[in-house]
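Below: the structure, in structure tokens.
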Amino acid sequence: MSASNCYCQSQARFEDCCQPVIATQSAQTAEALMRSRYTAHVLADIDYLMATWQHSEGQAADTRQWVESHDWLGLQVLQCRKGGSTHKEGRVEFIAYYRPKGTQERRAHHELSDFAKVDGKWLYVEGQTPQSAPKKTGRNDPCPCGSGKKFKRCCA
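Sequential numbering of the sequence shown, starting at 9, is according to this note's numbering.
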């Protein structure tokens with residue numbers, strides 16, 4: 009990661025983007041929470057993931073295993089529905105790029121995540137795989153994982 013860019017690829021500095029959200033466990037929007045949860049995957053911050061998950065009971069061990077067994081390569085936010093500071097619910101569609109540790113195999117996790125604002129705090133509710141595939145990336149397009157390489161030389 010560049011010293012100036014956050015892990016969530018927002019183009020903001022980590023210190024101005026996900027770090028304060030993780031430190032206070034308080035996001036202003038559903039998208040900010042989703043981005044901070046991706047960053048928590050990169051940092052293997054299981055406590056934060058559990059604290060921001062509405063129904064996390066019994067999920068810590070599985071979540072830890074999933075997070076720690078992968079290298080997190082990048083995030084692409086596709087769209088947000090509701091989830092603003094005045095809303096009570098929101099949905100964020102994203103693709104997280106990752107690689108199982110010890111391999112060179114790059115993978116993509118495409119999800120529609122639902123969020124709810126409970127007692128003034130945004131929480132992750134659940135995610136589902138969308139029915140339709142995300143927009144295809146052309147072979148010569150920049151790789152959406154943020155590597156700076158062409159798609160055909162990276163995640164293709």
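Don't be surprised by glycine CBs; every beta carbon is placed ideally from N, CA and C. All of these numbers come straight from a predicted model, not from anything done at the bench.
Check                                                                                                        : Outcome
Which of helix, strand or coil DSSP assigns to R89                                                           : strand
H63 classed as buried or exposed, judged by whether at least 16 other C-beta atoms fall within 10 angstroms  : exposed
Own chain partners of H95 with C-beta closer than 8 Å, once the 5 adjacent residues on each side are dropped : A38, K125
Straight-line Cα distance separating A40 from M9                                                             : Confidence is the limiting factor: at M9 the pLDDT is only 46, short of 50, which leaves the residue's position unreliable, though a coordinate-based value still follows. Approximately 19 Å, taken between the alpha carbons.
Short Cβ contact (9 Å threshold) for R99 with P108                                                           : no
Other residues of its chain near Y56: CB distance less than 8 Å, five sequence neighbours each side excluded : I30, Q33, S44, R45, A48
Local conformation of S10 per DSSP, three classes                                                            : Low local confidence applies: a pLDDT of 46 at S10 is under 50, so the model's placement there is unreliable, and no value is given.
Terminal residues of the beta strand (DSSP E) in which A124 lies                                             : 115-126
V85 versus R72, I103, V75, residue with shortest Cα-Cα distance                                              : I103
Straight-line Cα distance separating C14 from Q139                                                           : 30 Å
C-alpha distance - Q87 paired with Q17, whole-angstrom precision                                             : 15 Å
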